[in-house]
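Undergrad:
In the working numbering, the protein residues as written are 19 to 267.
(1) What beta strand (DSSP E) runs, 3 residues minimum, are completely inside the region 186-229?
(2) Can the beta-carbon of residue 166 be found less than 8 Å from the beta-carbon of residue 156?
(3) Does the separation of the CB atoms of residue 46 and residue 137 fall below 8 Å?
(4) Please classify residue 127: does DSSP put it in a helix, a strand, or coil?
(5) Check whether the region 202-219 touches the region 164-184, counting contact only when three or more Cβ pairs, one atom from each stretch, lie closer than 8 Å.
(6) Throw me the rounded Cβ distance for the residue 258 and residue 234 pair, which I believe falls under 8 Å.
(7) Taking all protein chains shown into account, decide if residue 253 is buried (16 or more other Cβ within 10 angstroms of its Cβ) or exposed.
(8) Nearest by alpha-carbon distance to residue 185: which of 263, 123 and 173 is it?
(9) Quick check on DSSP: helix, strand or coil for residue 247?
(10) Using a Cβ-Cβ cut-off of 8 Å (strictly less than) and excluding sequence neighbours within five positions of residue 249, which residues of its own chain qualify?
(11) Measuring alpha carbon to alpha carbon, tell me which of 231, 29, 241 and 183 ends up nearest residue 121.
(12) How far does the beta strand (DSSP E) with residue 259 in it extend, from its first residue to its last?
(13) Could you check the C-alpha separation between residue 41 and residue 219 for me, to the nearest Å?
(14) Note down the Cα distance separating residue 197 from residue 204, rounded to an integer number of angstroms.
(15) Rounded to whole angstroms, what's the CA-CA distance from residue 117 to residue 181? Just pull it up for me.
(16) Report yes if the CB atom of residue 178 is closer than 8 Å to the CB atom of residue 50, and no otherwise.
(17) Which residue wins for smallest C-alpha separation from residue 176, given the options 261, 262 and 139?
Quick look at the structure:
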């Protein structure tokens, strides 16, 4: 079947879907659409083991007395090394990644739902901007296509973030955790070790875990060890802890 200009419809389709910055968006859209169709058919559930409320992320929360830990966070992170040689660079990177996921709503919104919305925005933006604006200003070269793809991806992430805001609010009800209410609970050491100068732990909630600063006056406690929160130091905003059992391997 030929179009009015003598070009077959399949050739015209390929030329429109796989040109410049449109082809990365088309490939992503095709992959996501395939996964969604397979999931709807019930052949397999592509949730990648990630449920919205159970996604294991943290945002570097320092919980203050009387402050809703699910909403307000102290973004200050120890990014250097302390006097005993503890390097917190990896922890800072993990906190940054978790904060980024929270910012785009991946901490609650299921991955497949988020990807579906993102791929839709990404493809529409790439297609419309290329044929209505970019094609007259940029060549369809690799470098130009890469630059435009990054631009379109950033815009699509922002649009996806706003589009998933209602779902983000509905998936997990507000959870109120106050600094002193955590005392007596159990957390898992997240950093390489904990001593009297450095340490963090994950405190599980029914939403995203809290990442809290902890200290111990006894022997250093290794990563993965369950610890009990003994008391909260409001001045230093840290919890004093003790190990409850050997580290979880």
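Glycine residues also receive a C-beta, built at the ideal position from the N, C-alpha and C atoms. Computed from a prediction, not measured in an experiment: that's the story for all the values here.
TA: Answer, in terms of the structure:
(1) 204-207 and 218-221
(2) Mapped onto the chain shown, residue 166 falls at position 148. Mapped onto the chain shown, residue 156 falls at position 138. Contact flag set, yes.
(3) As a position in the chain shown, residue 46 is number 28, starting the count at 1. As a position in the chain shown, residue 137 is number 119, starting the count at 1. Against a cut-off of 8 Å, the Cβ pair of residue 137 and residue 46 comes out as a contact.
(4) Counting from one through the chain shown, the residue named residue 127 turns up at place 109. Coil, per DSSP.
(5) Touching, no.
(6) Sequence index remark: in the chain shown, residue 258 carries index 240 (1-based). Sequence index remark: in the chain shown, residue 234 carries index 216 (1-based). Indeed they touch by this definition, with Cβ atoms about 7 Å apart.
(7) The residue given as residue 253 occupies position 235 in the chain shown. Its Cβ having fewer than 16 others within 10 Å, residue 253 is exposed.
(8) Taking the first residue of the chain shown as 1, we reach residue 185 at position 167. Among 263, 123 and 173, the Cα nearest to that of residue 185 belongs to 123.
(9) The residue you call residue 247 lines up with position 229 of the chain shown. Residue 247 carries a strand assignment under DSSP once its states are collapsed to helix, strand and coil.
(10) Here residue 249 refers to the residue found at position 231 when the chain shown is read from its first residue. Hits under 8 Å: 201, 257 and 258.
(11) Along the chain shown, one-based indexing puts residue 121 at 103. Residue 183 is the option with its Cα nearest to residue 121.
(12) Here residue 259 refers to the residue found at position 241 when the chain shown is read from its first residue. First-last of the beta strand (DSSP E) with residue 259: 256-261.
(13) For the purposes of this step, residue 41 is identified with residue 23 of the chain shown, where counting begins at 1. For the purposes of this step, residue 219 is identified with residue 201 of the chain shown, where counting begins at 1. Linking residue 41 to residue 219 through their CA atoms gives a straight-line distance of about 43 Å.
(14) Translated into positions along the chain shown, residue 197 becomes position 179. Translated into positions along the chain shown, residue 204 becomes position 186. Near 14 Å, if we compare the C-alpha coordinates of residue 204 and residue 197.
(15) Here residue 117 refers to the residue found at position 99 when the chain shown is read from its first residue. Here residue 181 refers to the residue found at position 163 when the chain shown is read from its first residue. Distance between the alpha carbons of residue 117 and residue 181: 19 Å.
(16) The residue given as residue 178 occupies position 160 in the chain shown. The residue given as residue 50 occupies position 32 in the chain shown. Against a cut-off of 8 Å, the Cβ pair of residue 50 and residue 178 comes out as no contact.
(17) On the chain shown, residue 176 is found 158 positions in, with the first residue counted as 1. Among 261, 262 and 139, the Cα nearest to that of residue 176 is on 139.
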